[in-house]
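Notes to accompany the following structure.
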Amino acid sequence: MKHMLTLQHVRNEELWELILRADEFAKNKHPLQTPQHFVANLFFEASTRTKCSFEVAERKLGLSIIPFEASTSSVEKGESLYDTVKTLEAIGVDLVVIRHPREQFYAPLMEQTSCALVNAGDGCGDHPTQSLLDLLTIYQEFGGFKDLNIVIAGDIRHSRVARSNVQMLHRLGAKVMLSGPERWRDTMLEQSAPYRSFSQAVREADVVMMLRVQKERHDNQLLETNYLEQHGLSEERAATMKPTAIVMHPAPVNRGIELADALVEAPNSRIFKQMENGVYARMAVIRSILETKRRELTHGYRIQASQTVSSI
Amino acid sequence: MKHMLTLQHVRNEELWELILRADEFAKNKHPLQTPQHFVANLFFEASTRTKCSFEVAERKLGLSIIPFEASTSSVEKGESLYDTVKTLEAIGVDLVVIRHPREQFYAPLMEQTSCALVNAGDGCGDHPTQSLLDLLTIYQEFGGFKDLNIVIAGDIRHSRVARSNVQMLHRLGAKVMLSGPERWRDTMLEQSAPYRSFSQAVREADVVMMLRVQKERHDNQLLETNYLEQHGLSEERAATMKPTAIVMHPAPVNRGIELADALVEAPNSRIFKQMENGVYARMAVIRSILETKRRELTHGYRIQASQTVSSI
Amino acid sequence: MKHMLTLQHVRNEELWELILRADEFAKNKHPLQTPQHFVANLFFEASTRTKCSFEVAERKLGLSIIPFEASTSSVEKGESLYDTVKTLEAIGVDLVVIRHPREQFYAPLMEQTSCALVNAGDGCGDHPTQSLLDLLTIYQEFGGFKDLNIVIAGDIRHSRVARSNVQMLHRLGAKVMLSGPERWRDTMLEQSAPYRSFSQAVREADVVMMLRVQKERHDNQLLETNYLEQHGLSEERAATMKPTAIVMHPAPVNRGIELADALVEAPNSRIFKQMENGVYARMAVIRSILETKRRELTHGYRIQASQTVSSI
Chain S
1 MKHMLTLQHV RNEELWELIL RADEFAKNKH PLQTPQHFVA NLFFEASTRT KCSFEVAERK
61 LGLSIIPFEA STSSVEKGES LYDTVKTLEA IGVDLVVIRH PREQFYAPLM EQTSCALVNA
121 GDGCGDHPTQ SLLDLLTIYQ EFGGFKDLNI VIAGDIRHSR VARSNVQMLH RLGAKVMLSG
181 PERWRDTMLE QSAPYRSFSQ AVREADVVMM LRVQKERHDN QLLETNYLEQ HGLSEERAAT
241 MKPTAIVMHP APVNRGIELA DALVEAPNSR IFKQMENGVY ARMAVIRSIL ETKRRELTHG
301 YRIQASQTVS SI
Chain X
313 MKHMLTLQHV RNEELWELIL RADEFAKNKH PLQTPQHFVA NLFFEASTRT KCSFEVAERK
373 LGLSIIPFEA STSSVEKGES LYDTVKTLEA IGVDLVVIRH PREQFYAPLM EQTSCALVNA
433 GDGCGDHPTQ SLLDLLTIYQ EFGGFKDLNI VIAGDIRHSR VARSNVQMLH RLGAKVMLSG
493 PERWRDTMLE QSAPYRSFSQ AVREADVVMM LRVQKERHDN QLLETNYLEQ HGLSEERAAT
553 MKPTAIVMHP APVNRGIELA DALVEAPNSR IFKQMENGVY ARMAVIRSIL ETKRRELTHG
613 YRIQASQTVS SI
Chain G
625 MKHMLTLQHV RNEELWELIL RADEFAKNKH PLQTPQHFVA NLFFEASTRT KCSFEVAERK
685 LGLSIIPFEA STSSVEKGES LYDTVKTLEA IGVDLVVIRH PREQFYAPLM EQTSCALVNA
745 GDGCGDHPTQ SLLDLLTIYQ EFGGFKDLNI VIAGDIRHSR VARSNVQMLH RLGAKVMLSG
805 PERWRDTMLE QSAPYRSFSQ AVREADVVMM LRVQKERHDN QLLETNYLEQ HGLSEERAAT
865 MKPTAIVMHP APVNRGIELA DALVEAPNSR IFKQMENGVY ARMAVIRSIL ETKRRELTHG
925 YRIQASQTVS SI
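So, in structure tokens, the structure goes:
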């Protein structure tokens with residue numbers, strides 16, 4: 001067989017050879033070299049750093065990555081996320097990383113698939129590997145979290161980073177404050193993290209964690225022309241920080257809006273360190289998931305659904 | 313940890329484990345290796361399962377895959393398919409998998425390139441690896457094809473699956489029937505596969521092979537609101553199937569249109585099995601082609617054009 | 625070599641080293657193993673051959689490639705090229721290949737990143753690996769450049785190929801002529817390469833290097849209906865070429881516009897040879913860059929910025 005263009009002119013013995021050969025592949029699921037782990041990254045929203053960071057992490061762990069572009073997939077023919085994931089599962093994908101505009105997109109999937117799912121951002125919901133890299137960055141800097149003063153500032157209400165970090169940092173013993181424009185306050189979150197004026201918070205903080213102004217989410221809403229001076233971390237305000245304090249930001253930064261341009265690469269900025277840490281954080285997550293998968297297969301049992309739910 | 317969906321429910325010791333592990337990764341690095349047959353997948357129409365299935369098959373066979381996106385390629389500058397394939401050949405690609413809306417897109421290419429071509433769907437023409445995975449699925453179920461009753465139902469006229477399967481199954485000794493709305497009958501195909509009412513066909517069949525209603529091909533044509541009851545496989549109709557009979561569908565399924573939602577993952581459905589088999593079928597095809605290529609190179613001769621044409 | 629941004633400032637011995645090294649790769653298609661190096665290909669303009677060529681070269685050198693699609697990246701959220709590259713650097717990318725519509729897009733980047741940058745085309749500016757593959761092709765044909773007559777013909781003014789090749793060939797001792805429609809003449813370039821009538825140039829030339837009519841750059845400008853006869857290489861004109869002369873073209877070719885259809889694959893065409901050589905040229909560039917990187921790391925010193933600037 002030189003090409004495979006149509007079966008119409010394939011002779012019967014060749015056809016049988018193909019069927020039997022395919023059946024052999026089917027019976028021996030590791031036909032050739034080292035067993036491969038397959039992963040697909042499904043990004044239904046634009047992303048550079050998160051997607052590339054996962055790609056690097058996956059390659060460093062030796063995974064085989066199945067390219068997936070939402071815009072050229074059958075999702076365009078109206079296929080649901082559920083059917084897309086089930087399809088990937090059927091063709092042998094072990095792990096699916098998903099960013100999706102719908103909050104908790106994973107809820108209808110998690111009990112129905114043997115693919116491991118990694119949430120790479122669900123709408124205004126959560127973004128766990130981002131949190132993990134933030135935690136790693138703070139840990140590397142201070143060796144712990146106990147009694148650290150951390151201010152999270154900006155568009156609190158729409159930030160998946162804020163929500164997740166407030167809870168995590170609180171649990172780890174840090175003292176978290178919130179700050180930012182009145183219109184973006186989140187009273188729910190303020191139960192565990194008090195609201196402070198930004199000037200005061202910046203002076204007290206060990207970590208000033210700025211949030212991105214998500215211009216693409218409220219594009220019809222006018223931003224103050226002096227947003228930086230009023231609500232952002234200007235150079236003047238940064239000058240009031242403690243000498244040991246650090247600046248963080250989930251990026252991409254709107255330079256000159258929430259953060260003064262010169263601060264992005266200043267000595268006390270950890271913004272690019274956070275990006276680097278993103279790779280290690282994602283490696284840790286994926287490695288742990290794959291080990292769990294392997295343990296389940298080896299011991300021939302599956303953690304019961306109820307247990308899984310309570311431990312995620 | 314089975315999934316990573318949110319950190320909210322991760323216990324503290326697990327969280328610390330993740331942090332410390334990530335920190336370990338931060339302190340060192342790992343290498344990887346690459347094999348050297350090059351393949352490119354040229355999909356000029358949307359596809360999840362076929363493209364991903366080829367991607368998995370190719371990786372399982374250890375091929376190196378050159379990413380190709382029609383939308384960002386020089387095809388946008390008006391380059392022909394012929395020149396695109398010749399370009400890929402020149403830069404060292406051994407095998408090109410193509411899905412293209414034009415029927416027999418491969419005709420002007422096959423004699424002009426040393427790249428092996430695999431047809432992944434040519435318009436309303438053919439889709440040989442889909443046929444092959446259908447054959448494999450039936451073979452796995454019944455151990456052969458002789459005297460099996462197989463009904464193919466739905467939009468016969470526009471289906472590359474129908475055309476190819478009727479011929480192959482007929483040749484392998486199965487008894488094929490066609491069914492579906494009058495407007496989608498294909499009198500040519502009915503010469504080898506008689507038309508039956510769907511109710512009758514479902515009762516007699518060992519295999520009920522439903523076709524996808526290709527909404528994206530006839531979007532200006534109204535579909536009956538009760539299509540499922542009239543022409544689809546409803547739960548009522550499925551209840552009249554033989555106990556050993558199976559349901560097949562090339563997917564993506566329009567749930568609730570050609571097939572009742574509950575039947576997609578029912579015990580007698582082989583729809584996800586078909587997807588899994590797609591990987592093995594494609595592995596068999598690619599492996600056979602690469603063996604032919606290697607034989608030609610080793611023996612230092614090339615099969616003559618006339619021979620090639622008759623054997624494809 | 626630290627970056628590869630333009631060949632203009634590459635010293636002659638380095639240039640020769642690149643040519644000879646590329647030729648070695650051409651003769652010995654063997655891959656080279658390296659520790660896991662990460663590369664990203666950022667193409668902000670459509671391209672098949674350049675992008676795929678880099679992809680093959682990178683895989684042959686054993687690099688790990690991080691997929692990047694401009695259309696689905698954070699560039700869509702308004703992120704600058706600078707921040708995109710700094711992000712890739714942070715997540716561990718060693719080498720970034722960029723095609724961008726802005727001339728000298730790399731100017732603000734080169735001193736600010738530890739990523740090596742490879743220019744894969746900057747607007748109407750430069751395209752150094754294309755030049756290198758052209759030089760390699762001529763070198764393979766004639767064993768050198770001294771006193772060769774080379775005509776570059778077509779849309780001189782908008783061609784990054786023309787600019788770069790005129791300078792390089794001139795420096796290597798070839799006699800370069802320019803030709804083409806009056807409206808596309810470039811008086812600056814004519815200081816080192818005289819303008820000739822195309823009929824005369826074709827008769828004298830050892831190499832007829834046709835340029836692509838960039839229809840997508842001047843789409844509102846009408847092309848003569850008899851462009852081929854007036855300004856292109858028609859079969860009649862090609863018949864007046866010296867028997868040893870060759871035809872080159874950076875491709876994609878507008879068949880029947882700047883070049884007669886039948887000439888593209890004629891015996892004296894080197895168009896597909898050029899594409900093949902593109903892979904080797906890119907391998908040579910990337911290998912040199914990675915070796916420089918490794919040397920810098922090993923010896924624990926960094927070439928000073930001033931030195932780097934003068935040697936690029």
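Read top to bottom, the protein sequences are chains S, X and G.
Our numbering applies: residue 1 is where the first sequence begins, and numbers increase by one.
Our numbering applies: residue 313 is where the second sequence begins, and numbers increase by one.
Our numbering applies: residue 625 is where the third sequence begins, and numbers increase by one.
Using N, Cα and C, we set each Cβ at its ideal position, and we do this for glycine too.
From a predicted model like this one, the values you see are computed outputs, not experimental measurements.
When C-beta distances to chain S are compared with 8 Å, the residues of the stretch 472–490 of chain X below that value are S476, Q479, M480, R483 and L484, in chain order.
If you compare the alpha carbons of S:D155, S:L15 and S:G62 with that of I286 (chain S), the shortest gap goes to S:G62.
Contact of E391 (chain X) with chain G by beta-carbon distance below 8 Å involves T672 and P876. Beyond the five residues adjoining it in sequence on each side, S688 (chain G) comes within less than 8 Å, by CB distance, of Q660, H661, F662 and V663 in the same chain, given in chain order. With respect to chain G, the C-beta atom of G374 (chain X) has no partner C-beta closer than 7 Å. A direct Cα-Cα distance of roughly 51 Å separates V559 (chain X) from D718 (chain G). Separation of the CB atoms of R807 (chain G) and I780 (chain G) is rounded to 10 Å, and the pair is thereby denied contact status at 8 Å. For S688 (chain G), the enclosing beta strand (DSSP E) starts and ends at S688 to I690. Within its own chain, the residues whose Cβ lies closer than 8 Å to the Cβ of E45 (chain S), once the five positions on either side in sequence are excluded, are R99, H100, P101 and G121, listed in chain order. Beta bridge pairing from DSSP links L448 (chain X) with no other residue.
DSSP places V202 (chain S) in the uninterrupted alpha helix (DSSP H) bounded by F198 to E204. Under the DSSP assignment, V888 (chain G) falls outside any beta strand (DSSP E); it carries neither an H nor an E label. DSSP lists no beta-bridge partner residue for K372 (chain X).
If you draw a 10 Å sphere on the C-beta of L756 (chain G), you find 16 or more other C-beta atoms in it, and that means buried.
When G:M834, G:R879, G:R918 and G:L921 are compared, the shortest CA-CA separation from D758 (chain G) is found for G:M834. Just so you know, the alpha carbons of M792 (chain G) and E828 (chain G) end up roughly 20 Å apart.
The C-beta of M275 (chain S) comes closer than 7 Å to at least one C-beta of chain G.
Between F272 (chain S) and D206 (chain S), the beta carbon gap of about 19 Å keeps them out of contact (Cβ cut-off 8 Å).
When C-beta atoms of the stretch 897–905 of chain G are compared with those of the stretch 391–404 of chain X, three or more pairs fall below 8 Å, so the two segments count as touching. Across the structure, Y763 (chain G) and F769 (chain G) are spaced so that their CA atoms are roughly 7 Å apart.
Out of S:M188, S:V202 and S:Q200, the CA that lies nearest to the CA of R163 (chain S) is found in S:M188. Looking only at G:K866, G:S821, G:M865 and G:N878, the smallest Cα-Cα distance to Q854 (chain G) is reached by G:S821.
The beta-carbon of K146 (chain S) is placed no less than 7 Å from the nearest beta-carbon of chain X. DSSP places I19 (chain S) in the uninterrupted alpha helix (DSSP H) bounded by N12 to K27.
The Cβ atoms of I464 (chain X) and V525 (chain X) lie no closer than 7 Å to each other. As the crow flies, the alpha-carbon of E848 (chain G) is around 21 Å from that of V826 (chain G). Straight-line spacing of the CA atoms in G492 (chain X) and S504 (chain X) works out to 16 Å. At a cut-off of 7 Å, the C-beta of G404 (chain X) has a neighbouring C-beta in chain G.
The criterion of a C-beta distance shorter than 7 Å is not satisfied by R160 (chain S) and C115 (chain S).
By the Cβ neighbour-count rule, A419 (chain X) is exposed, with fewer than 16 other Cβ atoms within 10 Å of its own. In the DSSP assignment, V525 (chain X) forms no beta bridge with any residue.
When the five nearest sequence neighbours on each side are left out, the beta carbons in the same chain lying within less than 7 Å of the beta carbon of S234 (chain S) are those of L228 and A260, in order along the chain. Closest in alpha carbon position to G466 (chain X), among X:L484, X:P562, X:A369 and X:T552, is X:P562. Taking G797 (chain G) as the centre and dropping the five residues before and after it, the same chain places the C-beta of F769, K770 and D771 closer than 7 Å to its C-beta, in chain order. When C-beta distances to chain S are compared with 9 Å, every residue of the stretch 884–895 of chain G stays at or above that value.
A428 (chain X) is bridged by DSSP to X:L407.
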